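The block underneath contains the structure these notes are about, expressed in structure tokens.
2 protein chains.
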Amino acid sequence: MINKPEFSIPEPTLRRLPRYYNYLKELLKSGREIVSCTHIGKDLDLDPPQIRKDLAYTGIRGVPKVGYQIEVLLNSIEEFFGWNNMDEAFLVGVGNMGRALIDYQGFRRYGFKIVAAFDNSPDIIGKTFGGVEVLPLSKLTNLCSRMNIKIGVITTPDHAAQEAADMMIAGGIIGIWNFAPAEIRTPEGVIVQNENLATGLAVLSKKLQILKQSGKFRQEVDQ
Amino acid sequence: MINKPEFSIPEPTLRRLPRYYNYLKELLKSGREIVSCTHIGKDLDLDPPQIRKDLAYTGIRGVPKVGYQIEVLLNSIEEFFGWNNMDEAFLVGVGNMGRALIDYQGFRRYGFKIVAAFDNSPDIIGKTFGGVEVLPLSKLTNLCSRMNIKIGVITTPDHAAQEAADMMIAGGIIGIWNFAPAEIRTPEGVIVQNENLATGLAVLSKKLQILKQSGKFRQEVDQ
DNA sequence: TAGATTGTTAATCGATTAACAATC
DNA sequence: TAGATTGTTAATCGATTAACAATC
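Read top to bottom, the protein sequences are chains A and B. Numbers 1 to 223, taken from the numbering used here, label the letters of the first sequence in order. Numbers 1001 to 1223, taken from the numbering used here, label the letters of the second sequence in order.
This is the structure we're talking about:
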């Protein structure tokens, strides 16, 4: 990739950490207090040394022969991602996907909250979803800078994505979470995280195709 | 990763191909007929040799000095993923995310169609979303094998994900697209594609954090 | 103590990038 | 033809895996 910004933490690690977090949260609920990488590795199908390295990025230190204290580990990951201080975000495009994201309260856990939604359709403007009012798109840029919002979510159709991004950036947004399957052009210093669902689907279906061809797939139920 | 199945095509390539596809589709619409990797690379911020390698996996051959015929390229990608023959899928968990996926017609383009949805809540059973009726969960396994469905989508809450997976697998499903942020245990020969949205969010927010700390972020609008 | 686990350094593996001949 | 682009082979880079000493 050209123009790749320099981040010291490998992205695969970044992607695995939330997975550890969810898993550890469950483990804590189940009454456990201490866990080893061997244990985590068995449940998550990962190699223990890799887990150790990943966790080390959050700054935590384990105890040889014992392992890690789950509670401390959870705090360490929260601290690492900054989930303690809430990030407020704007969302553009109140279709099904947009509504799903607005309604999904689960992001609060990750210090993320959608505080306003924008759309062009008069049918939806003024309505409220999950406590969030839908405002006309024309108000986006202005409100963005006034409220000092730094993160934007795009859930518009393809053709509207670039415009939404432009308005966001004009309002000072520097991080865009893009669910539209479209290429967004942004100036340097703006981070775009593409979340194209079709990608995951394509990977799954290709793997299935290969599995089927190899003839190794489960023909029937266990036994 | 332990137990990693052997796929000959690198997953990064698999993830880039749908991106090329979307991009090329747009390019074709705009009237262009032929494209070079240099051109694609400029628009998608990728290195041309990498694009060439990726495209080669689909079996296509370009013409030196000229490039690739977009239409042929699109066909080649469709063929590669098998998007011509439709895959029918079941979905479990008709919450917001579930509804968003059901309503989203865009997956048809990728040979993917949700043909039935399942839930436990009497409030939703019998209702119809996007032409898909919601059936009681108890009917899942039976209907699965009768209709010979091979792909399942999980959009349940955390705690219900494993049960949904078990019922799917009992019905003969071999590919699971999992949107629940939970670890699913499956027997060998079943492919699970996890689509945890929090992961993308975490990556974005961490990159932003690093960007902010480096002081290199865009303070204001262009100019 | 003995055994298990951490943390770290070295080796391996795979994907990306660079180099370059072949081609229209 | 000259220049641009493909396709392929080699070099580089980075992440994963293996090895092992340190530790409780």
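Glycine included, C-beta positions come from ideal geometry on N, C-alpha and C. All figures in this text were calculated on a predicted structure; none of them were measured in a lab.
### Task
Output, in chain order, the set of chain B residues within a Cβ distance shorter than 7 Å of Ile40(A).
Taking the first sequence and counting its residues from 1, one reaches residue 40(A) at position 40. Within 7 Å Cβ-Cβ: nothing; Ile40(A) doesn't reach chain B, min ~11 Å.
Requested in this report: Kindly indicate which residue of Gly1093(B), Ile1184(B), Gly1098(B), Ala1202(B) has the alpha-carbon position closest to the one of Arg15(A).
Outcome: On the first sequence, residue 15(A) is found 15 positions in, with the first residue counted as 1. Of Gly1093(B), Ile1184(B), Gly1098(B), Ala1202(B), the residue nearest in Cα terms is Ala1202(B).
| message | For a test of the three-state rule: what should DSSP assign to Lys4(A), helix, strand or coil? | response | Indexing the first sequence from 1 puts residue 4(A) at position 4. For Lys4(A), the predicted model reports a pLDDT of 40, less than 50, meaning its position is unreliable; a value from the coordinates is still stated below. In the structure shown, Lys4(A) sits in coil (DSSP, three-state: anything other than H, G, I, E or B).
Range covered by the alpha helix (DSSP H) that runs through Asp103(A) | For this step, residue 103(A) is matched to residue 103 along the first sequence. 96 to 103 is the span of the alpha helix (DSSP H), which, as asked, contains Asp103(A).
With 7 Å set as the bound, which would you pick, yes or no: does the beta-carbon of Met97(A) sit closer than that to a beta-carbon of chain B? For the purposes of this step, residue 97(A) is taken as the residue at position 97 of the first sequence. At least one chain B Cβ lies under 7 Å of Met97(A).
Could you pull the DSSP bridge partners for Asn194(A) from this structure?
Mapped onto the first sequence, residue 194(A) falls at position 194. In DSSP, Asn194(A) forms a bridge with Asn178(A).
Handout entry: Glu163(A) - containing alpha helix (DSSP H), residue span
Key = The residue labelled residue 163(A) in the question sits at position 163 within the first sequence. From DSSP, the alpha helix (DSSP H) with Glu163(A) extends over 161 to 170.
Short of 8 Å in beta carbon distance, which residues of its chain neighbour Asn1142(B), apart from the five on each side in sequence? Order them along the chain. In the second sequence, residue 1142(B) corresponds to position 142, counting from 1. So the qualifying residues of the chain are Gly1171.
Can a CB atom of chain B be found closer than 7 Å to the CB of Gln193(A)? Translated into positions along the first sequence, residue 193(A) becomes position 193. Taking Cβ atoms only, chain B reaches closer than 7 Å to Gln193(A), which makes this a yes.
Query raised in the report: DSSP on Ile9(A), reduced to helix/strand/coil?
Result: As a first step, residue 9(A) must be located in the first sequence, where it is residue number 9. Three-state DSSP puts Ile9(A) in coil, outside helix and strand.
Just the Cα atoms here: how many angstroms apart are Asn1084(B) and Glu1011(B)? For the purposes of this step, residue 1084(B) is taken as the residue at position 84 of the second sequence. For the purposes of this step, residue 1011(B) is taken as the residue at position 11 of the second sequence. C-alpha separation (whole angstroms): 21 Å.
Determine, for Pro48(A), whether the minimum Cβ-Cβ distance to residues of chain B falls below 7 Å. Taking the first sequence and counting its residues from 1, one reaches residue 48(A) at position 48. Judged by the 7 Å Cβ criterion, Pro48(A) is not in contact with chain B.
* To do: Rounded to whole angstroms, what's the CA-CA distance from Ala1224(B) to Asn75(A)? Just pull it up for me.
  => Outside the modelled stretch of chain B, which goes from 1001 to 1223, sits residue 1224(B), for which no answer is possible.
field: Residues of the segment 199 to 211 of chain A whose Cβ lies closer than 8 Å to any Cβ of chain B, in chain order
entry: Thr199, Gly200, Leu201, Ala202, Val203, Leu204, Ser205, Lys206, Lys207, Leu208, Gln209, Ile210, Leu211
For this session: Quick one: using the 10 Å Cβ neighbour count with 16 as the cut-off for buried, is Gly152(A) buried or exposed?
Result: The count along the first sequence starts at 1 and reaches residue 152(A) at position 152. Buried, by the Cβ-count rule.
### Ala1056(B), buried or exposed, once every other Cβ within 10 Å from all chains shown has been counted against 16
The count along the second sequence starts at 1 and reaches residue 1056(B) at position 56. Classification of Ala1056(B): exposed, given that the 10 Å Cβ count is below 16.
Query raised in the report: Would you say Gln1213(B) faces chain A, with C-beta separation under 7 Å as the test?
Result: Walking along the second sequence from the start, residue 1213(B) turns up at place 213. False, the Cβ-Cβ gap to chain A never drops below 7 Å.
Could you give the DSSP three-state label for Val72(A): helix, strand or coil?
To locate residue 72(A), count along the first sequence from 1; it is residue 72. It is helical.
#### Entry: Inter-residue Cα distance where the pair is Ile125(A) and Ile102(A)
Residue 125(A) sits at position 125 when you count from the first residue of the first sequence. Residue 102(A) sits at position 102 when you count from the first residue of the first sequence. Ile125(A) and Ile102(A): Cα-Cα distance of roughly 15 Å.
Discussion item. Could you tell me the alpha carbon to alpha carbon distance between Lys4(A) and Gly1059(B), rounded to whole angstroms?
Written reply: Taking the first residue of the first sequence as 1, we reach residue 4(A) at position 4. Taking the first residue of the second sequence as 1, we reach residue 1059(B) at position 59. For Lys4(A), the predicted model reports a pLDDT of 40, less than 50, meaning its position is unreliable and no value from the coordinates is stated.
Opposite Glu1133(B) in the DSSP bridges: which residues?
Taking the second sequence and counting its residues from 1, one reaches residue 1133(B) at position 133. Answer by DSSP bridge pairing, in chain order: Thr1128(B).
(message) Determine whether the beta carbon atoms of Thr156(A) and Ala164(A) lie at a separation below 7 Å.
(response) For this step, residue 156(A) is matched to residue 156 along the first sequence. For this step, residue 164(A) is matched to residue 164 along the first sequence. Closer than 7 Å, so yes.
Next on the checklist: So, does the segment 1133 to 1142 of chain B touch the segment 1110 to 1119 of chain B, judging by three or more C-beta pairs under 8 Å?
Outcome noted: yes
- prompt: In chain A, which residues lie less than 9 Å from Pro1181(B) when you measure between Cβ atoms?
  reply: Indexing the second sequence from 1 puts residue 1181(B) at position 181. Simply Pro18, Arg19, Asn22, Gly106.
- Query: In chain B, which residues lie less than 7 Å from Gly175(A) when you measure between Cβ atoms?
  - Reply: Within the first sequence, residue 175(A) is the residue found at index 175, counting from 1. Correct list: Leu1204, Leu1208.
Handout entry: Residue-level contact to chain B via CB, Ala100(A), 7 Å cutoff
Key = Translated into the one-based positions of the first sequence, residue 100(A) becomes position 100. At least one chain B Cβ lies under 7 Å of Ala100(A).
- Taking the DSSP output, what are the residues bridged to Gly67(A)? Mapped onto the first sequence, residue 67(A) falls at position 67. Gly67(A) is bridged to Val63(A).
Next on the checklist: Just to confirm the assignment, what range does the alpha helix (DSSP H) spanning Ile40(A) have?
Outcome noted: Along the first sequence, read from residue 1 onward, the residue named residue 40(A) stands at position 40. Run containing Ile40(A): 37 to 44, per the alpha helix (DSSP H) assignment.
| field | Extent of the continuous beta strand (DSSP E) to which Ile1114(B) belongs | value | Working through the second sequence from its first residue, we reach residue 1114(B) at position 114. From DSSP, the beta strand (DSSP E) with Ile1114(B) extends over 1112 to 1119.
Using DSSP bridges, identify the partner residues of Asp87(A).
The residue given as residue 87(A) occupies position 87 in the first sequence. DSSP lists Phe112(A) as partners of Asp87(A).
- Task: Assess, as a yes-or-no matter, whether the segment 1025 to 1043 of chain B is touched by the segment 1061 to 1071 of chain B under the definition of 3 or more beta carbon pairs within less than 8 Å.
- Result: yes
Please list the partners that Phe118(A) has in chain B, where partner means a Cβ-to-Cβ separation under 7 Å. By one-based count along the first sequence, residue 118(A) stands at place 118. Within 7 Å Cβ-Cβ: nothing; Phe118(A) doesn't reach chain B, min ~18 Å.
Taking CB distances under 7 Å as the criterion, tell me whether Asp54(A) reaches chain B.
As a working mapping, residue 54(A) is identified with position 54 in the first sequence. Closer than 7 Å: no.
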